[in-house]
Structure formats: C-alpha cells, structure tokens
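Take a look at the structure set out below.
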Amino acid sequence: MSDQSKKKIVREIKVDLDKCIGCRACEVACSGFHASPKYSSFNPSRSRIRVVQDLVNDVYVPLRAGEYTAAECTGRQTFKIHGKQYSECNFCPASCPSRELFKEPDSGLPLKCDMCADEKMPMCVEVCRPGALTYEEREEERADEEPALGEVETGLKSLVHKYGAQKVMDTIARLSQND
Amino acid sequence: MRYAETGFNLEVDLSQGSVKRVPTDPKLTELHLGGQGTAARILWDRVPPETDPLSPDNLLIFSTGLLHGTPVPGANRTSVSTFSPLTGLYVNSLMGGWFGPELKFAGYDKIIISGEAPGLVYLYINNDRVEIRDASHLQGKGCQETATLLQKELKEPKLQVAAIGLAGENRVFQATIEHANSSASRHGVGAVMGAKRLKAIAVRGTKDVYVARAAELWKTCRGKYQEIYDNKNCGDPMAHDHNESFHVDNFAWGNARTRRKDYWNKEREEQWVGLWKEVRSRDSGCYNCPKDCHYTISYPGRHTYFLKCFNKLTYSMAAFEEIDFNYNILGLTSAYGMDGFSTPQVLAFAVELYEAGILTNEDLPDFPADGAARFFYLLDKVVRREGIGDVLADGVYRAARRIGKGAEEYDHNTTKKVEQVPLKLGVVNYPFFLMYCTGEKMNITQIEGSFPQAPIADPEKRRKFVENWSAAPERFKKWLLEWEPRKHMPIEASVNVCDWNEAMHYVDDAIGTCAWLSSFRGQFGGSPPYHLFNLPEIIALAAGIELDSDGLLEVSRRNRNLVRALNIRRGLRRDVEKPPEDHWKIRDPEMEQKHLDAYYEFKGWTNDGVPTRETLDRLKLEFVSEEFIRRGILTAGGGEETAAERA
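These protein sequences, in sequence, are chains A and B.
Residue numbers for the first sequence follow this note's numbering, so the first one is 3 and each next one is one higher.
Residue numbers for the second sequence follow this note's numbering, so the first one is 43 and each next one is one higher.
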C-alpha cells in the first residue's frame, strides 16, 4: 500500500440545535436557489434542508438531504439528549421510503444537497442569522485512494461464504461485461 | 400566471358539508392586495349587516397575505376576518407562525367558511385533497394538544394546525384561535369558529409559489435577513429584556386601576429571571423571520405553551400576583384558547364586583379569599359558561349591563365594548385620542406604531432620530422636530399621525408582513425594516403589481374605508367613538371634538363618521356608496353635513 496522502477540501455545515428558532428560512432559500429559473418559485417541500420540528417536545433539527436509500433501516435507535428524546431519523439525512422528507413533491424522486456549489457558502447558512447553521471549509489529509486490497478480500470472502464461489464469480463476470 | 398569490380561494360550507376551489379575480388583488383587504370585500358582498356573528350566515375567513410564501422575510401573519360577537362589528385578528404560508403552498389564498356543522368537525387540507372530518374525539381538548393529536392521526409532522379550545367550543367571547406559537386573539374569533363547530383547520401544502421578478426580489430579500436580525428596533426587544419596569411600574394593576410605581426592583428581577430560566425552554420565531419574539414555556403540570409580549404579565397584574402565577394560569388559558389581554380584565372586573358587594356568595359560591385562587375559580366558570361565568364570558361591557346593580360603573376601561390596554395616564395625547376613538381594530397596539408616542426631549437626540428616519414622509419629520415636551402638536399634525399610523397597519394586514417589522415598530427608534418607501418595490418584484408610495397608500385607504363601511353598515357612528373616560386624567372635551372633526374631514367622512360618496367613489368603492344611498345612510345628493362644513 502506498503511504502517499492527498489533500481534500471538506465543506461542512455545522448545526447548533440550541440556536435554531424554527423559522425555516433555510428551506425558503434552498428551494429558491434550486428553482428554475433561480429564485422564481419557492416551496419548502422541494428544499434539500428541512427543519425536523416538534414544537411541543422542543425538537428543532435542521437536516441536510444526503444519499437516497432504497430500503429503510431495520429497527430504530432513539437517543435521549439532555432529557429530550430524538429518533435516529431526526439526524438521518437519507431520502428513505419510511418518510416524506427529501423527495420531490411531484415525482417522488430523491433530493440531495449539493452545498450550493457555485455560491461562497450554502444559501441555507447565509440566511440563518440566528446562527444555528454555520459553514466551514477545511482541508483534510486523505490516504491515497489506491484500492485497499485487504478490505476487498474480506468483502469477497464474506460473499463467497454466503453465496458460494461460483455465484460470486458469475456475478463479477457479468459486471465486467456491463462495464 | 399569478405571482405571489395562488389565485384560488377555498370555500367551505359546513352546513352542506361541501368544499369548492374557486378562482379569484386578479383585479381585486390590484385593488386590495390581499389579506384583510380582499376579506373585507367578501364580507361586504356576502354578509348582510343584520347577520348575527354567531349564526351560520356569518363568514369566517382565514386569509394569507399577498407576500406569504414569497421569500420576503417576516411575511407570515394570517388574518382572521369575520364579525365579532363581542362588538357586533368587523374584526380582523392576526396570528403569526407558519399557517398562512403553508396554506399558500397548499394552493389557496383564503379559506372562506360558512354555515354550521351538525357536530364538531375539523377541516383537513392536503393540497387538492380537502375533507371535513369528524372531530368528536377532540372535543374539550386543549389547542396545543389538538395540534399534536392531528399531526399524529394524519401522520403529517409538518401539518400546520389552527385550533380552538374549550373556550371557543363554548362560544366564550374571549376565545382565541391558537396556532403553534401564535394566536388570533381579538374580539372572540374563537367563538365564531366554535359556533360553526369547527374545532380545527389542519393544512399541509407542497406546491410552488411563484414570484414576478425572481433575481431582483431575491437580491432584496437576501440582504433583509441580516438587516432584520441586526435591527434592535424591530421584533420584540422585550422578549429578551428582563427589566419589566416599563410595564409593571407604568401600567395599571387589577381592573385597570392601580399604578404601582415602585414595584420593580433588583431583588424582584433576580427572582423573575430565576423562574424564567426554569420554565423557558426555547426562543422561537415565525416562518422565514430571523427574530425570535416567542418563547416556549414548560410549566410543571401544564401542557407546553408559547408566550409573547405583554401576555407574560397581564394575569399577574390583573390579580396582584407574582410572576409564577402568570406562567401557571397561562398554561390553562393557552390550552383553553383565551385572549391574554381581555381575559385578565374580565376576571379582575368580577373580583371588583364581588368586593363591592354587587356579585355575592350566591353568584360565586365558595369563592376563595386569595387573588390567584379567585382567578382560577373564575376562569373555570367563564370557560365553561357556568353560572355567573356565562355572563362574564360576554366581556366586561355586556356583563356589566347584564348584572346591573351599578356594575356599569366598574366598566371603565372599554371602547366599543372592547377591553383596552390597562393604561391610565395624565394629560390627553391627541394622536392617541384619535386612535382610540376611530381605530377599527379597537386595540391600540394594532393602530399605533409609526410616529413616536411622545416628544423626544433632548433636541440632539430628536435631530438624530429625524436624520435617520427614512420610513417617514417629510412632513412628519418637521412635526417631530417641532414637538416640545408637555406641548401638543398642531391639530393637523395629530390627524396626520393617526392617519399614517393606521395606514401602515392596513398595508401589513393586506400583504401579511408582521407589524413588529413595520407598522408597530417605527415609533421606537424610527427604523422599521419595511415602510412606505421600500414596500412598493418589494410588492412589485414579488407580485408584479406596479405601485409607488402614493399607490400603496391609496390601497391602504381603500381597505380602511371598506372596513369602515362594514362597520357603518352595522350601525357604527360618531357617538361611540371615544376612549375610556378615565384613560387620561386631564381632558379637554372641546379640543378633543375639534380633533375628531378635523380627522373626519381629513378622511373625507361626514360629521357622523360616514365616508362620503365622493370619498368612496374616488377610492373605487362605488358599490359601497350605492348601497349607502339605497339604505339611506347617505343621500343621493350628498346633503350630509361634512365635518369640514361643521367646523
């Protein structure tokens, strides 16, 4: 394995739950930014950031849309933080079959945050004046992205164990043809 | 393409059980902009003046403002317009939160509710799907609990709910409509909803709202978030200030009677802050506004509720109790859905009547001895309309007359049957005299607001204020500069101040912007984020309606005169246009009437306060003048004595 490392810019939205006032300006700005033409229409349900909000139980979580997932989690975890109950879904960014969040209202297609790539900072952060959302760019050292053979081997072994060597080989052969 | 608005109203007939999506006329938007402006027009067209506010024929209208759903920060106040059982006149009660924008995203500018359901129901709106559903399982439930139950039942965590509690169900005239952190509280709108047997409206919307000039509008709005956040003169500065001396030392305690000038001190402040830290769990805002004017209160044994503004003090002050009592009783009144301005006064009025021997142990069996217990006792009677509670639930003015035996003497703080802010002052202030007399809201905080309440004593500070006062038309700068302490402004100035103050509220109430960012907030610091000179452009960019400041003022005047006309048609005249007798200790009846004459003249009204044909026609309200003539309110030849002629 190579000991070379690469530098990568990580763009990060930091969330301070205590500072969120539930105004949902983040949703307004996001839905406008992604409208076509830009800012010609507004619709929080198209936003790629949503405030998961339960006024009575004082749950305010601005949550950014992440990857699409085809299947929901098996089971759930709940967390008690300073006496308040949160479901793991409160913090999960996935566009997932278990909930309406992060799906285009018309088509149901998944929405995903793109960090407003052509802006200095994501628009949700810019309009969040109470400071619940802040933005940071930082450089991170990343190990060279040479395939970690050890891990591949472990993965394959588990597949062979589960499905048998022949099935795994057939699949790899088929995948290579598709490529 | 309609910009900013959806172009559709939702008509709900609860007697028939029918719902209809009805396109609206864009010309009416140009004339009235939206909000209460277009609501007043619907009430004019469809509710005859003899209609009993609690009858099925009254309409209950929930209006979004024109700018709801656009990115304009702070456009989130929903208007509830109807006729009030308390006053018998028009009422426009406002609530913040998220309801109006959500309704627009569901595809509607208004919900117009008529009729009366055979049993308790709620209205479920999910975009095009609209259902009237049985609400018998919600009967007697608290407002906040109702919202939570509906969110669970409909599996819609993002559902926005406006609900009544027990007070509305029982048609108590102090009943509110509660929504999230806000409530529409004035003049018994909750009782009208209760009379229609509508427990709640639950809205979910996922449609787009379009704006006319996208890039320019966003550019303007983008800067507003920071500007509003930084502006210390807007929002509710008192929400974050622990020095309560302004209210507790200056406003009157009990039944608007006693001023306790030295009530506030350091020790008390420490105690109050200590308790506040225990019960307050979060500062919260409304849709798309960076200000956090509301806070969440979790008081032991009470359902979580939301608090704002003067409500924090009104019950304590009315009952002569400490702050703990206020947090405690608000837990109940928020669940019941009761107005924090009028309810404490009704209860304090009853306590006074008991102490005067007008109400007796027969009326109030087992009446407790201490202030807090007495309030809880009376509240329970009022919310259930039980025994004497049934009388008190009609408000101080009506209760006093029903009780008789001299009770009328204790009704000293109402105007047009509405309990006023408990404030008793020295020398009459003419702009305020006019606002108390003529304001169609009958609630001073929703009439005052653009021009400072009192002269600025320090000439240097005065000059500075005026220098930075971009919200004010030039003539007001001159009048403020020349306004010396302990002097009255010229009559012309007082009339103009009253007119400008109310005009800005009529703007807010049409476009849906919060008064704390505009019409109420100019008087403190003179730098409201929204005003006569920047709103026309914002409206043009959002809605594609070209306006300048004069044009915006004309819409405001049109709406103001239409609201006036609704009340005139229901019998309002000059004889009831007066402030509470003892609001000021030192009065000057002759001068006061001169001001009222001048105000009517300025408005183009007759000497009796009726808009003249000329005024109405100029404002394109010919349909009003025609009906006034048909009803004999005005004569075809315009022979009424105008205020100008009388003067």
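Even for Gly, the Cβ is constructed at its ideal location relative to N, Cα and C.
Check: Could you confirm whether any beta carbon from chain B is found closer than 9 angstroms to the beta carbon of Glu128 of chain A?; Outcome: yes
Check: Going by beta-carbon coordinates alone, are Arg119 of chain B and Gly107 of chain B separated by less than 9 angstroms?; Outcome: yes
Check: I'd like to know whether the C-beta atoms of Gly157 of chain B and Asp176 of chain B end up nearer to each other than 9 angstroms.; Outcome: no
Check: So the candidates are B:Ala552, B:His454, B:Gly593; which of them puts its Cα closest to the Cα of Lys627 of chain B?; Outcome: B:His454
Check: What number of angstroms, rounded off, separates the C-alpha of Leu676 of chain B from the C-alpha of Tyr132 of chain B?; Outcome: 20 angstroms
Check: Within the 9 angstroms Cβ cut-off, does Ile23 of chain A reach chain B?; Outcome: yes
Check: Does the count of Cβ pairs from the stretch 252 to 265 of chain B and the stretch 39 to 59 of chain A closer than 8 angstroms reach three?; Outcome: yes
Check: Measure the alpha-carbon distance for Ile489 of chain B versus Lys319 of chain B and round it to whole angstroms.; Outcome: 33 angstroms
Check: To be precise: take each residue of the stretch 308 to 329 of chain B, compare its Cβ to all Cβ atoms of chain A, and keep it if any distance is under 9 angstroms. Which residues remain?; Outcome: Ser323, Arg324, Asp325, Ser326, Gly327, Cys328, Tyr329
Check: Give the DSSP-derived three-state secondary structure of Met3 of chain A in the structure shown.; Outcome: Residue placement at Met3 of chain A is poorly supported in this model, since its pLDDT is 47, which falls under 50; the coordinates still yield a value, given next. DSSP places Met3 of chain A in coil when its eight states are reduced to three.
Check: When DSSP builds the beta bridges, which residues end up paired with Thr338 of chain B?; Outcome: B:Arg324, B:Phe348
Check: Less than 9 angstroms separating the beta-carbons of Tyr341 of chain B and Asn370 of chain B?; Outcome: yes
Check: Assuming Leu614 of chain B contacts Ser591 of chain B (C-beta within less than 8 angstroms), just tell me the rounded distance between them.; Outcome: Contact flag wrong, Cβ pair sits at about 29 angstroms.
Check: What residues of chain B sit near Gly34 of chain A, judged by a beta carbon separation below 7 angstroms?; Outcome: Pro113, Trp260
Check: Just by C-beta distance, which residues in the stretch 95 to 123 of chain A are closer than 7 angstroms to chain B?; Outcome: Pro107
Check: In angstroms with no decimal places, state the Cα-to-Cα distance between Ile498 of chain B and Asn649 of chain B.; Outcome: 34 angstroms
Check: If you measure beta-carbon to beta-carbon, which residues of the stretch 35 to 50 of chain A are closer than 9 angstroms to chain B?; Outcome: Phe35, Ala37, Pro39, Lys40, Tyr41, Ser42, Ser43, Phe44, Asn45, Pro46, Ser47, Arg48
Check: Taking the beta strand (DSSP E) that Trp626 of chain B falls in, what are its first and last residues?; Outcome: 626 to 628
Check: Could you please tell me which residues of the stretch 353 to 380 of chain B, in chain order, have their CB closer than 8 angstroms to any CB of chain A?; Outcome: none
Check: Do you know offhand how far Cys22 of chain A's Cα is from Ala134 of chain A's?; Outcome: 5 angstroms
Check: Report yes or no: is there a C-beta of chain B within less than 9 angstroms of the C-beta of Ala67 of chain A?; Outcome: no
Check: Please confirm if Leu135 of chain A has its CB atom under 9 angstroms from at least one CB of chain B.; Outcome: no
Check: Could you check what DSSP says for Ala435 of chain B in three-state terms: helix, strand or coil?; Outcome: coil
Check: With distances taken between CB atoms, is the gap from His644 of chain B to Asn543 of chain B smaller than 9 angstroms?; Outcome: In the sequence as presented, His is not what sits at residue 644 of chain B; that position holds Phe. Contact flag unset, no.
Check: Evaluate contact between the stretch 476 to 496 of chain B and the stretch 405 to 414 of chain B, counting only Cβ atoms and requiring at least three cross-stretch pairs below 8 angstroms.; Outcome: no
Check: For Gln387 of chain B, does the count of other Cβ atoms within 10 angstroms reach 16, so buried, or fall short, so exposed?; Outcome: buried
Check: Show which residues of chain A have a CB atom less than 8 angstroms away from the CB atom of Val253 of chain B.; Outcome: Tyr41, Ser42, Ser43, Phe44
Check: If the criterion is Cβ atoms closer than 9 angstroms, does the pair Arg255 of chain B and Leu583 of chain B meet it?; Outcome: yes
Check: So, under 8 angstroms CB-CB, Ser376 of chain B and Glu220 of chain B are touching, yes? Tell me the CB distance rounded to an integer number of Å.; Outcome: 7 angstroms
Check: Can you round the beta-carbon distance between Val438 of chain B and Thr456 of chain B to whole angstroms, since I take them to be within the 8 angstroms contact cut?; Outcome: 6 angstroms
Check: What residues in the stretch 268 to 301 of chain B have a beta carbon less than 9 angstroms from any beta carbon of chain A?; Outcome: Gln268, Ile270, Tyr271, Asp272
Check: Cα separation between Gly316 of chain B and Glu588 of chain B?; Outcome: 52 angstroms
Check: What is the C-beta distance between Gly247 of chain B and Gly149 of chain B, in whole angstroms, given that I count them as a contact (C-beta under 8 angstroms)?; Outcome: 7 angstroms
Check: Between which two residues does the beta strand (DSSP E) carrying His221 of chain B extend?; Outcome: 219 to 221
Check: With a threshold of 6 angstroms on Cβ separation, who are the neighbours of Leu314 of chain B within its own chain once the five nearest residues in sequence on each side are excluded?; Outcome: Before going on, a small fix: residue 314 of chain B reads as Trp here, not Leu. Ile365, listed in sequence order.
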